[in-house]
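**Student:** This is the structure I want to talk about, given as structure tokens.
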Amino acid sequence: MTEAAAPGNDIPPFRYTAALADEIERRWQDIWEREGTFHAPNPTGPLADPGHPRAGAEKLYVLDMFPYPSGAGLHVGHPLGYIGTDCFARYQRMAGRNVLHAMGFDAFGLPAEQYAVQTGTHPRITTEANIARYRAQLRRLGLAHDERRSVATIDVDFYRWTQWIFLQIFNAWYDTDAGRARPIAELIAEFQGGSRPTPDGRSWAELSVAERRKIVDDHRLAYVSEAPVNWCPGLGTVLANEEVTADGRSERGNFPVFKRNLKQWMMRITAYGDRLLEDLDKLDWPEPIKLMQRNWIGRSTGAHIGFPVSATGPAVAGEARISVFTTRPDTVFGATYMVLAPEHELVDALVPAAWPAGTRDAWTGGHASPRAAVEAYRKAAAAKTDVERQAETREKTGVFTGAYATNPVNGAQIPIFIADYVLAGYGTGAIMAVPAQDERDWDFAEVFELPIVRTVQPPEGFDGKAYTGDGPAINSAAPDRGLDLNGLGVAEAKARIIEWLEANGHGAGAVTYRLRDWLFSRQRYWGEPFPIVYDETGAAIALPEEMLPVELPEVDDFSPKTFEPDDADSNPETPLSRRRDWVEVELDLGDGPKRYTRETNVMPQWAGSCWYELRYLDPTNSQRFVDAENERYWMGPRPTGDSGRPDCGGTDLYVGGAEHAVLHLLYARFWHKVLYDLGHVSSVEPFRRLFNQGYIQAYAYTDARGAYVSAEEVIERDGGFYLGDTKVNREYGKMGKSLKNVVTPDEMCAAYGADTFRVYEMSMGPLEVSRPWETRAVVGSYRFLQRVWRAVVDEETGALRVTDAPADEATRRLLHKVIDGVRGDMEGIRFNTAIAKLIELTNGLTRLPDTPREVAEPLVLMLAPFAPHVAEELWRRLGHEASLAYADFPTADPALLVATTVTYPVQVNGKVRGRVEVPADASEDDVRSAALAAVAPALAGREPRKVIVVAGRMVSVVA
RNA sequence: GCCGGGAUGGAGGAAUCGGCAGACUCGGAUGCCUCAAAAGCAUCUGCCCGAGAGGGCGUGCGGGUUCAAGUCCCGCUCCCGGCACCA
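First residue of the first sequence: 1, per full-length UniProt numbering; consecutive thereafter.
Below, the structure is given as structure tokens:
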């Protein structure tokens, strides 16, 4: 720790020291809290305040990605974004807007539960203690949050509405014709009234209760499905696709993950694939993040094509067809074989009793019958984790099923294989293989010696294998079937073949998504219980709204049953299932008291973060999750502006790390759209503008054994790093307890004060860029605040050093230039350059014998977003009674921004050889002749060939 | 492999529209103050040659466009992030 701020014996009594900063900061934090300075008035409800200075003003909703309150507390990296939004919000408030800025806690989740498992302490106890600690740490930073609006996802008052939203989703279906979700009751009414046919055409009245329920449940946006899920034995729970890393391990804990068929709650996010994709265009988000979402949704257009199966297998009727999805229907003439995913449902029915005559040995996997071969291959594929698949080279494996299909365009008999390079979960789980135009198919064809027919002419000189580029179609005609693609480019050929497929009943154009439905249940304790019970038939029944909340019951053992991380055959067991007295419940759901069984899964951690931004708007509302008028005011779409493009609504700024690019941001958009469709919110998107802050990173040091040593004690010398006399190795990365390189905001506040810490974090670089933490550099911001203080307050006497005499011309011009620049920087979230300008202005003042009030006051106001405490203190000392939180941010006088003279650098052949000062309104000819005179020696009598005068910028002479 | 982002002094960064590269800060050097130190303040600080005046070089590398390129174009290298057999 540095002693920079330790008050020495002969430090001037009124110097801005850490001790003084501490006193000022705590005093102002108390004042703000006591006076409710940062309460933002709602249009209606208990938080309305018509007398507020910003009531009815133009609104601005600034949002941070709320934290998970970890037991380790904050390090200096965590508040970077929070300080950024605070500076922005404080500026906007001074600029006249009604600013909503609040902070809550994403408090359900694994770490508290794991800690509870280890210690036996209830997760609520540890979580609430952690929240209290976070609140204290954040308060110490002087963040101007409306504390009345702080919520935590674990609050019963909060999660009752999470459950309520779940019910809305459960009780809704996606009407693809209308392109939106509608209440499930409307679907039932359509079935009942006959305006919508049932799947098998029977009338609604003919169906049994169970049949009706099945049909309805199959439409719901939240549904139970028995489907392949990511089972993680080491965590004892299943995970969403998004929670599994590329190498097949859990994002949390890094345990192996296995594909298992298990009954789980799913959310039909795929229904929203198109809208989640299209509406990205309406958002003011960083392009890379939009791109990541686009890739994740993975929309591809192509066609479904039906390949009739040659009836070799015992159970296949003559008319059976295998439907494939392809993005290249134009290449169908080159389809020389087919591949099904090993899990494909038709496989069993296809497999004949014996290998067809002439089957090559290489296709059989050495098995005597197709059935044995398929069994063996499936078993081998299922036993592999994704890690193992990854580790293996991409050598293609597979086995012949013994069956053949007919290529619908030319009647060719093509063999059907199963192979794990075809994924069960994508498209139809089956492909037509076109080796000539697909690299994977080419590889497989090489291994199994399958024919390769080019159907797109590769360009001259192409010496690769598969050719995936554009070119004229070849070998692609079936004149007797009225089909000829030859000579067409890829796009035209696609259009022609789709037309033909549709006309001849062989297929149709289609769109497929990489996005899968969202696995929504977790076999854990510390999460929101589902508002669902099961009746004696096992049907899932939603509890009525009046029965909310379903409170999380107390249990003795918080842990789900966990297993050896590699135990793929284990089965989940939830903590809640052990509370039989809670699980078994008697309820009257309209047809008299009956016995029901509660759902014992809980919701994933993402649930609360899918809608918390809405609860900030109306946190005390007990009638609705958010009042419609309050939602419309804070988040509703803005009137269509000059662009003519309708606004999507949502928060005006959302700041957080890029690690949530697809998880949280996609889920939250999905929920918001459901709520929009059902008429519960007026905004189409939750987060209009997104800003990804960078990370504060840190150096860590290891000794010869590779053990981390305390970074604080390492010294740099002679180009190396030393702990005492021992040389240590430097690494760069995260800040963390185990890396022994944590620096906390508490330490920084103690050594310099919160204002210095804030200024340092905002000045060290652009908010969106990651950068290394350097404690020794913090002193620069401290000196800056000391200089500001000294410009206003005499360090020896404490008296004001401010004069009412007007500022000199140069200082005044500097002030207005800075005001103009700082305003621009604040709007553009360029706080580092805004602070640099304030430092320049301050450094300009230190040369003066005393400080003109006309400069001191705007300087203090402009400093306020970054260093609010010291700014408030100076503002008061300058004679203002009220807080500056609502004071007008300075405005530049345009007249003072225009310079009277301009200094032109004069280049000769690209090099600056002189400069001339001319009146700002000098004519171009005057500038030219003055410039030529200034560089006459450099020209040495040569006649310039060309002279370029860039008005206000420079003169360039070509000699 | 594919997609995205980046590379500027010893360090973090600035240059917002193709117009003086290096604002501002740290670090370093020298000085003031001091018995001394700390703190604070002042001056200097891209690299090379030169006593100096001055000159040359310089934004990852190689080319190009332009009176003028950190910025635009073409071809690379390295670093960071995402996805990864998605038909």
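We put the beta carbon where it would ideally sit given N, CA and C, even for glycine.
Counting only the same chain and skipping the five closest in sequence on each side, list residues whose C-beta sits under 6 angstroms from that of P944.
**Tutor:** By 1-based counting over the first sequence, the position of residue 944 is 944. Answer for P944: V957 and A959, listed in chain order.
**Student:** Among N410, V409, F417 and Q413, which has the Cα closest to the Cα of T397?
**Tutor:** The count along the first sequence starts at 1 and reaches residue 397 at position 397. When each option's Cα is compared against that of T397, the closest is F417.
**Student:** Would you check if the distance between the CB atom of T574 and the CB atom of P565 is smaller than 8 angstroms?
**Tutor:** If you number the first sequence from 1, residue 574 lands on position 574. If you number the first sequence from 1, residue 565 lands on position 565. The criterion of a C-beta distance shorter than 8 angstroms is not satisfied by T574 and P565.
**Student:** I need the straight-line Cα distance from I452 to Q437, nearest angstrom please.
**Tutor:** For this step, residue 452 is matched to residue 452 along the first sequence. For this step, residue 437 is matched to residue 437 along the first sequence. Separation of I452 and Q437 (C-alpha to C-alpha, rounded to the nearest whole angstrom) is 9 angstroms.
**Student:** Excluding the five sequence neighbours on either side, which residues of its own chain have a C-beta within less than 6 angstroms of the C-beta of W161, listed in chain order?
**Tutor:** In the first sequence, the residue the question calls residue 161 occupies position 161. Only F625 meet the Cβ criterion.
**Student:** Return the residue from the list R481, D200, S476 and W363 that minimises the CA-CA distance to L450.
**Tutor:** As a position in the first sequence, residue 450 is number 450, starting the count at 1. Comparing Cα-Cα distances from L450 to each of R481, D200, S476 and W363, the minimum goes to W363.
**Student:** So what does DSSP say about E3, is it helix, strand or coil?
**Tutor:** The residue you call residue 3 lines up with position 3 of the first sequence. A caution first: E3 carries a pLDDT of 36, below 50, which makes its placement in the model too unreliable to give a value.
**Student:** Under the rule that 16 or more other beta-carbon atoms within 10 Å means buried, what is N741, buried or exposed?
**Tutor:** Indexing the first sequence from 1 puts residue 741 at position 741. Buried: at least 16 other Cβ atoms inside 10 Å.
**Student:** What are the partner residues of R220, as DSSP defines its beta bridges?
**Tutor:** As a first step, residue 220 is located in the first sequence; it is residue number 220 there, counting from the start. According to DSSP, which records beta bridges pairwise, R220 is partnered with W173.
**Student:** Ends of the alpha helix (DSSP H) at K263?
**Tutor:** For the purposes of this step, residue 263 is taken as the residue at position 263 of the first sequence. That residue, K263, is in no alpha helix (DSSP H); its beta strand (DSSP E) goes F258 to M267.
**Student:** Could you tell me which residues DSSP pairs with P849 in its beta bridges?
**Tutor:** To locate residue 849, count along the first sequence from 1; it is residue 849. Partner(s): none; P849 has no beta bridge.
**Student:** From Y760 to E768, what does the alpha carbon distance come to, in whole angstroms?
**Tutor:** In the first sequence, counting from the first residue as 1, residue 760 sits at position 760. In the first sequence, counting from the first residue as 1, residue 768 sits at position 768. Each residue's Cα considered, the two are about 15 angstroms apart.
**Student:** Should A867 go down as buried or exposed, given a rule of 16 or more other Cβ atoms within 10 Å for buried?
**Tutor:** Along the first sequence, read from residue 1 onward, the residue named residue 867 stands at position 867. That one is buried.
**Student:** Could you check the C-alpha separation between L939 and V908 for me, to the nearest Å?
**Tutor:** Stepping through the first sequence from its first residue, residue 939 is reached at position 939. Stepping through the first sequence from its first residue, residue 908 is reached at position 908. When rounded, the distance between both Cα atoms is 8 angstroms.
**Student:** Rounded to whole angstroms, how far is the Cβ of C610 from the Cβ of L283, which I believe are closer than 8 angstroms?
**Tutor:** Translated into the one-based positions of the first sequence, residue 610 becomes position 610. Translated into the one-based positions of the first sequence, residue 283 becomes position 283. With a beta-carbon spacing of about 17 angstroms, C610 and L283 fall beyond the 8 angstroms limit used to define contacts.
**Student:** Can at least three beta-carbon pairs, one atom from the segment 97-113 and one from the segment 139-159, be found at a separation below 8 angstroms?
**Tutor:** yes
**Student:** Tell me, to the nearest whole angstrom, how far the beta carbon of G306 is from that of R321; I am working on the premise that it is less than 8 angstroms.
**Tutor:** Here residue 306 corresponds to residue number 306 of the first sequence, with the count starting at 1. Here residue 321 corresponds to residue number 321 of the first sequence, with the count starting at 1. Sure, about 4 angstroms apart at Cβ, within 8 angstroms.
**Student:** Could you name the residues that DSSP lists as bridge partners for G656?
**Tutor:** Here residue 656 is taken as the residue at index 656 of the first sequence, counted from 1. According to DSSP, residue pairing for G656 in a beta bridge involves N692.
**Student:** Mind checking I125: buried by the 16 CB within 10 Å criterion, or exposed?
**Tutor:** As a first step, residue 125 must be located in the first sequence, where it is residue number 125. Exposed, by the Cβ-count rule.
**Student:** Report the CB separation of N692 from M762 in whole angstroms; it is logged as a contact under 8 angstroms.
**Tutor:** Mapped onto the first sequence, residue 692 falls at position 692. Mapped onto the first sequence, residue 762 falls at position 762. Rounded, the Cβ-Cβ distance is 16 angstroms, inconsistent with contact.
**Student:** Going by DSSP, which residues form a beta bridge with A55?
**Tutor:** Here the question's residue 55 lines up with position 55 in the first sequence. Paired residue(s): none; A55 is not in a bridge.
**Student:** Just curious, the beta strand (DSSP E) that A542 is in, first and last residue?
**Tutor:** For this step, residue 542 is matched to residue 542 along the first sequence. Looking at the DSSP string, the run of the beta strand (DSSP E) that includes A542 is A540 to A542.
**Student:** Can you tell me where the alpha helix (DSSP H) holding P370 begins and where it ends?
**Tutor:** Locating residue 370 in the first sequence gives position 370, where the first residue counts as 1. P370 to A383 is the extent of the alpha helix (DSSP H) around P370.
**Student:** Kindly give me the distance between the Cβ atoms of T331 and T428, rounded to whole angstroms, as I take these residues to be in contact under 8 angstroms.
**Tutor:** Start at 1 with the first residue of the first sequence, and residue 331 comes out as number 331. Start at 1 with the first residue of the first sequence, and residue 428 comes out as number 428. Rounded to the nearest angstrom, the Cβ distance from T331 to T428 is 17 angstroms, too far for a contact under 8 angstroms.
**Student:** Can you check the segment 866-912 for any alpha helix (DSSP H) of at least 4 residues that lies completely inside it and give the ranges in chain order?
**Tutor:** 868-877
**Student:** Just the Cα atoms here: how many angstroms apart are V792 and A871?
**Tutor:** Numbered from its first residue, the first sequence carries residue 792 at position 792. Numbered from its first residue, the first sequence carries residue 871 at position 871. Looking at the two C-alpha atoms, the distance is approximately 11 angstroms.
**Student:** Using a Cβ-Cβ cutoff of less than 8 angstroms, which residues in the same chain neighbour E190 once the five nearest sequence positions on both sides are dropped?
**Tutor:** Mapped onto the first sequence, residue 190 falls at position 190. For E190, where only same-chain residues beyond five positions count, the Cβ hits under 8 angstroms are R196.
**Student:** Can we say the segment 91-105 touches the segment 50-64, given the rule of at least three CB pairs closer than 8 angstroms?
**Tutor:** yes
**Student:** In or out: R202 buried (at least 16 other Cβ within 10 Å) or exposed?
**Tutor:** Position 202 of the first sequence, counted from the start, is the residue given in the question as residue 202. Result: exposed.
**Student:** Which class does L814 belong to by DSSP, given the choice of helix, strand or coil?
**Tutor:** In the first sequence, counting from the first residue as 1, residue 814 sits at position 814. Helix, per DSSP.
**Student:** Count the other C-beta atoms from every protein chain shown that fall within 10 angstroms of the C-beta of S208, then say buried if there are 16 or more, exposed otherwise.
**Tutor:** Taking the first residue of the first sequence as 1, we reach residue 208 at position 208. Burial call: exposed.
**Student:** Any idea if A951 is buried or exposed, counting beta-carbon neighbours within 10 angstroms, 16 or more meaning buried?
**Tutor:** Counting from 1 along the first sequence, the entry for residue 951 is found at position 951. Around the beta carbon of A951, fewer than 16 other beta carbons sit within 10 angstroms, so the residue counts as exposed.
**Student:** Does DSSP put N295 in a helix, a strand or coil?
**Tutor:** Residue mapping note: residue 295 aligns to position 295 of the first sequence, counting from 1. In the structure shown, N295 sits in a helix (DSSP, three-state: H, G or I).
**Student:** Whose C-beta lies closer than 6 angstroms to the C-beta of R15 among residues of the same chain, with five residues either side of it excluded?
**Tutor:** For the purposes of this step, residue 15 is taken as the residue at position 15 of the first sequence. Closer than 6 angstroms at the Cβ level, and outside the excluded window around R15, lie E795.
**Student:** Which same chain residues, not among the five before or five after T468, have their C-beta less than 8 angstroms away from its C-beta?
**Tutor:** Taking the first sequence and counting its residues from 1, one reaches residue 468 at position 468. Closer than 8 angstroms at Cβ, skipping near neighbours: Q437, D438 and E439.
**Student:** I'd like to know whether the C-beta atoms of K673 and R275 end up nearer to each other than 8 angstroms.
**Tutor:** Here residue 673 refers to the residue found at position 673 when the first sequence is read from its first residue. Here residue 275 refers to the residue found at position 275 when the first sequence is read from its first residue. Yes, they are a contact pair.
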